[in-house]
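Protein chains in written order, with numbering that gives the first Met the number 0: chain P, 0 to 370; chain S, 0 to 336.
To start, the structure itself, in structure tokens.
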Amino acid sequence: MTSNIRYKSRIPVKTEDSTEEKQYVGFATLPNQVHRKSVKKGFDFTLMVAGESGMGKSTLVNSLFLTDLYKDRKLLNAEERINQTVEIIKHTVDIEEKGVKLKLTIVDTPGFGDAVNNNQCWKPITDYIDQQFEQYFRDESGLNRKNIQDNRVHCCLYFIPPFGHGLRPVDVEFMKALHEKVNIIPLIAKADCLTPNEIKKLKDRIREEIDKFGIKVYQFPECDSDEDEEFKQLDKELKECTPFAVIGSNTVVEARGQRVRGRLYPWGIVEVENQSHCDFVKLRNMLIRSHMHDLKDVTCDVHYENYRAQCIQEMTSKLAQDNRMESPIPILPLSTPDVDTEKLIKMKDEELKRMQEMLTKMQQQMHDKDQ
Amino acid sequence: MANTPRSRVNLLSKAISGTHSSTGGSTLLGYIGIDTIIEQMRKKTMKTGFDFNIMVVGHSGLGKSTLVNTLFKSQVSRRSAGWARDEKIPKTVEIKSVSHVIEEGGVKMKLTLVDTPGFGDQINNDNCWEPISKFINEQYEKFLKEEVNITRKKRIPDTRVHCCLYFISPTGHSLRQLDIEFMKRLSHSVNIIPIIAKADTMTTEERQEFKQRVRKELEMSGIEFYPQKEFDDDMEDKSDNDKIREAMPFAVVGSDKEYQVNGKRVLGRKTAWGVVEVENPNHCEFAQLRDFLIRSHLQDLKEVTHNIHYETYRAKRLNENGGLHPISSSDTQESNL
Numbered sequence: 000m001t002s003n004i005r006y007k008s009r010i011p012v013k014t015e016d017s018t019e020e021k022q023y024v025g026f027a028t029l030p031n032q033v034h035r036k037s038v039k040k041g042f043d044f045t046l047m048v049a050g051e052s053g054m055g056k057s058t059l060v061n062s063l064f065l066t067d068l069y070k071d072r073k074l075l076n077a078e079e080r081i082n083q084t085v086e087i088i089k090h091t092v093d094i095e096e097k098g099v100k101l102k103l104t105i106v107d108t109p110g111f112g113d114a115v116n117n118n119q120c121w122k123p124i125t126d127y128i129d130q131q132f133e134q135y136f137r138d139e140s141g142l143n144r145k146n147i148q149d150n151r152v153h154c155c156l157y158f159i160p161p162f163g164h165g166l167r168p169v170d171v172e173f174m175k176a177l178h179e180k181v182n183i184i185p186l187i188a189k190a191d192c193l194t195p196n197e198i199k200k201l202k203d204r205i206r207e208e209i210d211k212f213g214i215k216v217y218q219f220p221e222c223d224s225d226e227d228e229e230f231k232q233l234d235k236e237l238k239e240c241t242p243f244a245v246i247g248s249n250t251v252v253e254a255r256g257q258r259v260r261g262r263l264y265p266w267g268i269v270e271v272e273n274q275s276h277c278d279f280v281k282l283r284n285m286l287i288r289s290h291m292h293d294l295k296d297v298t299c300d301v302h303y304e305n306y307r308a309q310c311i312q313e314m315t316s317k318l319a320q321d322n323r324m325e326s327p328i329p330i331l332p333l334s335t336p337d338v339d340t341e342k343l344i345k346m347k348d349e350e351l352k353r354m355q356e357m358l359t360k361m362q363q364q365m366h367d368k369d370q
Numbered sequence: 000m001a002n003t004p005r006s007r008v009n010l011l012s013k014a015i016s017g018t019h020s021s022t023g024g025s026t027l028l029g030y031i032g033i034d035t036i037i038e039q040m041r042k043k044t045m046k047t048g049f050d051f052n053i054m055v056v057g058h059s060g061l062g063k064s065t066l067v068n069t070l071f072k073s074q075v076s077r078r079s080a081g082w083a084r085d086e087k088i089p090k091t092v093e094i095k096s097v098s099h100v101i102e103e104g105g106v107k108m109k110l111t112l113v114d115t116p117g118f119g120d121q122i123n124n125d126n127c128w129e130p131i132s133k134f135i136n137e138q139y140e141k142f143l144k145e146e147v148n149i150t151r152k153k154r155i156p157d158t159r160v161h162c163c164l165y166f167i168s169p170t171g172h173s174l175r176q177l178d179i180e181f182m183k184r185l186s187h188s189v190n191i192i193p194i195i196a197k198a199d200t201m202t203t204e205e206r207q208e209f210k211q212r213v214r215k216e217l218e219m220s221g222i223e224f225y226p227q228k229e230f231d232d233d234m235e236d237k238s239d240n241d242k243i244r245e246a247m248p249f250a251v252v253g254s255d256k257e258y259q260v261n262g263k264r265v266l267g268r269k270t271a272w273g274v275v276e277v278e279n280p281n282h283c284e285f286a287q288l289r290d291f292l293i294r295s296h297l298q299d300l301k302e303v304t305h306n307i308h309y310e311t312y313r314a315k316r317l318n319e320n321g322g323l324h325p326i327s328s329s330d331t332q333e334s335n336l
């Protein structure tokens, strides 16, 4: 399709019947080109799930991505969990659908909120997110930028227990600690234990408290004014539905003659994908089908840039104090650099040295040649 | 027919149990009417009425107030009007008690519900069981002081906690650390009955697995919940209580709303996929809990509290100060205990 259209000169030609054709340049095909390139490259997406144990996080992730990431999980009992601290566990899975590849990373946070004293239990999580930003910052400032791996957390699903009367202190503190580092999407977990009235009350209450405490959860972008009415209506419904009340299921049950994902109770069958039962479909559509890219954009443009600006500011103030020469790869004041970043720093340093040597060699050669 | 006191007592006990044994006491030659003593006791207790004090402990939102209302089929709890708009989670555990007199079949019961808002709701829940432990011991202390008086009241007002319903959150995995800490510390001073709250979150299989895991954990931590194995009186009690212990903790659902199901009005929760019937044994174990708590073991709870937990407390107190000096009037706060 693109081969026949060539660049035509902008000088207007006097013939009227071919003006339109002559003014058509052809870069309207750009989105298709981008599309084809990115399909070849593949996408990646990092999703973090946080919440107390037993909220159905693993089940929901399995339901969302129709995978079985947590097959051989061993659940600890309460005695074993006494000395457990919050861990960060990553699972990576490659999913392909209609030729589009997605490298999905799920960051799990077992141990969050389970202890008797949960002071600062979100610290390992904020540290992890900062570490990913920092690694990306170094990679970005480094020399070999072709294969930067983006491990930044694009979205954090926070599971609020349905048993309470709104947000608990630990929920508020967690979200406030993270709302400027990652896109937070609060969810009401295990929504099948609530009646429709109770869900509505709880959602109103949570929305109120989020406003009251000034928590900045992920906001859906406004619709463009030229979108059609149906899309705008859907968008409006989506916004009014937050926080989503979700149910997950690993089992398939028979309901209304079809096999669906659901939960079988003595009093009825809950279907995960039934919109009148829960908001799972809305969450999935929002997360995967419409806003995945926007989540990544907001992470890159807002959260990462905030981090970067803050980092550079700290560095310049520190260097002003120390009065040292600024090195191309900034050495950031990290509290606990792990072995991997250390190795990376060394590698980059060596690469830099080699490049400089090569450069000087080449310059010398050229200089000799000229003489 | 021997008229020694012992044989008379033998006659009495055998008449009450309704058996005639040839060992020891003599056979009755006619109807004496000793068995009417049961009827006399009944009449008297009906007139005086019962006290029952129940405490509910658990995270906020687990349905404690609703369950108590459902159990006693009346609006016993303060919060029965629904969520108050300005309800805040208190910063420390508070103890709030409210009493009601309910009547059924001519029997009056003064039911006191002790609520513990704020338990387990903070970020740092260390020692949140202390206010509760303190409250329970205070009630024992009050009773002890009354008992030790020279001029005692005819019927000492009993504010001791007879039963503590502990609400376990239905995570489906296992007990939380806080649950174990609380129950470990309090199972020796009060009768604890663990309950799995909001059981409509779990399917039947999940519920069975969860119960088994919870029971195993309770056993491993050495937590003796009511009915405690060591207090079983005889074989009959033991077999009854064993059956109950196997079925505990009961997974319950509470509700104070009624819906029409199959032509009957039942208490339940209406969702988009069906109505959870509270009193249907296939749906949840509320009926079992109610029968156990109210219809068969209510008196036993009181007796275990009085004979065992209270006596343990009393013995500890007496041993502490090496003696007991009765105080002449109950209004002097100076205690020689």
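We put the beta carbon where it would ideally sit given N, CA and C, even for glycine.
query = Okay, do the stretch 138-156 of chain S and the stretch 85-104 of chain S touch, 3+ Cβ pairs below 8 Å being the bar?
reply = no
ask   = Can you list the alpha helix (DSSP H) stretches of 4 or more residues lying completely in the stretch 117-187 of chain S, in chain order?
value = Within the stretch 117-187 of chain S, the complete alpha helix (DSSP H) runs of at least 4 residues are 129-147 and 176-185.
query = Between R206 of chain S and chain P, is there a C-beta pair that is closer than 7 Å?
reply = It does not: the Cβ of R206 of chain S has no partner Cβ on chain P nearer than 7 Å.
message = Checking 7 Å against the spacing of the C-beta atoms, do T45 of chain P and V152 of chain P come in under that value?
response = yes
query = What first and last residue would you give for the beta strand (DSSP E) that runs through C371 of chain P?
reply = Outside the displayed range of chain P (0 to 370) lies residue 371 of chain P, so it cannot be described from this structure.
message = For L282 of chain P and G110 of chain P, what's the separation of their Cα atoms in angstroms?
response = 25 Å
query = How would you list, in chain order, the residues of chain S whose beta-carbon sits under 8 Å from the beta-carbon of D203 of chain P?
reply = Near D203 of chain P there are no residues of chain S at all, since even the closest Cβ is about 10 Å away, more than 8 Å.
inquiry  = On the CB-based measure, 16 or more other CB atoms within 10 Å of its CB, does I124 of chain P come out buried or exposed?
reply    = With 16 or more Cβ atoms within 10 Å of its Cβ, I124 of chain P is classed as buried.
task = Closer than 8 Å by C-beta to R206 of chain P: which residues in its own chain qualify, once you throw out the five before and the five after it? Chain order, please.
result = T241 and P242
key: Neighbouring residues, chain P, relative to K46 of chain S (Cβ below 7 Å)   = What K46 of chain S touches in chain P: nothing, since even the nearest Cβ is about 42 Å away.
key: Three-state secondary structure assigned by DSSP to E229 of chain P   = helix
Runs of beta strand (DSSP E) lying entirely within the stretch 94-119 of chain S, each at least 3 residues, in chain order = 95-103 and 106-114
inquiry  = I need the boundaries of the beta strand (DSSP E) containing R268 of chain S, first residue and last residue.
reply    = K263 to T270
query = Whose C-alpha, out of P:G267, P:M174, P:I198 and P:H164, is nearest the C-alpha of F212 of chain P?
reply = P:M174
task = Taking C-beta pairs closer than 7 Å, name the residues in chain S that C192 of chain P reaches, listed in chain order.
result = K197, D199 and T200
query = Looking at P161 of chain P and the ligand ATP, is the gap between the Cβ and the nearest heavy atom below 6 Å?
reply = With respect to small molecules bound, the structure shown includes none, and the ligand ATP cannot be examined in it.
ask   = Can you tell me whether DSSP reads N341 of chain S as helix, strand or coil?
value = The structure shown has nothing for residue 341 of chain S, since chain S only spans 0 to 336.
ask   = In chain P, what lies closer than 7 Å to L177 of chain S by C-beta?
value = V115
inquiry  = Tell me which residue opens and which closes the beta strand (DSSP E) that H292 of chain P is part of.
reply    = Premise fails: H292 of chain P lies in the alpha helix (DSSP H), M291 to V297, not in any beta strand (DSSP E).
key: Cβ neighbour criterion (16 or more within 10 Å) applied to Y217 of chain P   = buried
inquiry  = Below 8 Å on the Cβ atoms is my contact criterion, and I expect A196 of chain S with C283 of chain S to pass it. Report the Cβ-Cβ distance as a whole number of Å.
reply    = In fact, because the Cβ distance is near 11 Å, the residues do not count as touching under 8 Å.
task = Could you pull the start and end residues of the alpha helix (DSSP H) that D299 of chain S belongs to?
result = Start and end: L297 to V303.
message = Determine, for Q287 of chain S, whether the minimum Cβ-Cβ distance to residues of chain C falls below 7 Å.
response = Of the protein chains in this structure, namely P and S, none is chain C.
key: Contact set for V8 of chain S: own chain, Cβ-Cβ below 8 Å, skip 5 residues either direction   = Note that V8 of chain S scores 42 on pLDDT, short of 50, meaning its location in the model is unreliable; the coordinates nonetheless yield the value given after this. Around V8 of chain S, the same chain offers no residue with a beta carbon nearer than 8 Å, after the five sequence neighbours per side are excluded.
message = Among the candidates P:E95, P:K36, P:Q134 and P:R35, whose CA atom is the shortest distance from the CA of T340 of chain P?
response = Closest option to T340 of chain P, Cα to Cα, is P:Q134.
Stretch-stretch touch, CB-based, cutoff 8 Å, three pairs: the stretch 225-234 of chain P with the stretch 234-242 of chain S = Counting Cβ pairs under 8 Å, fewer than three are found: no touch.
key: Presumed contact (8 Å Cβ cut-off) between P116 of chain S and K133 of chain S, rounded CB distance   = That belief does not hold up - the Cβ atoms of P116 of chain S and K133 of chain S are roughly 16 Å apart, past 8 Å.
inquiry  = Short of 7 Å Cβ to Cβ, which residues in the stretch 260-275 of chain P face chain S?
reply    = R262, L263, Y264, P265, W266, G267, I268, V269 and S275
key: Coil, strand or helix - A188 of chain P by DSSP   = coil
query = Could you give the distance in angstroms between the alpha-carbon of L193 of chain P and the alpha-carbon of E146 of chain S?
reply = If I take the Cα positions, the gap works out to 48 Å.
inquiry  = Let's see if you can read the secondary structure: which residues bound the alpha helix (DSSP H) around I205 of chain P?
reply    = P195 to F212
request  = Residues of the stretch 115-140 of chain S with a CB closer than 7 Å to any CB of chain P: list them in chain order, please.
outcome  = D120, Q121, I122, N123, N124 and D125
query = Taking C-alpha atoms, which residue in S:I122, S:L61, S:K109 and S:V56 lies nearest to E93 of chain S?
reply = S:V56
key: CB contact below 7 Å: V169 of chain P versus chain S   = yes
message = Give me the chain P residues within the contact set of H338 of chain S, using Cβ-Cβ distance strictly less than 7 Å, ordered along the chain.
response = The structure shown does not extend to residue 338 of chain S, since chain S is modelled only from 0 to 336, so the question has no answer here.
inquiry  = Beta-carbon within less than 6 Å of F219 of chain P's beta-carbon, same chain only, minus the 5 sequence neighbours each way: which residues are those?
reply    = K238
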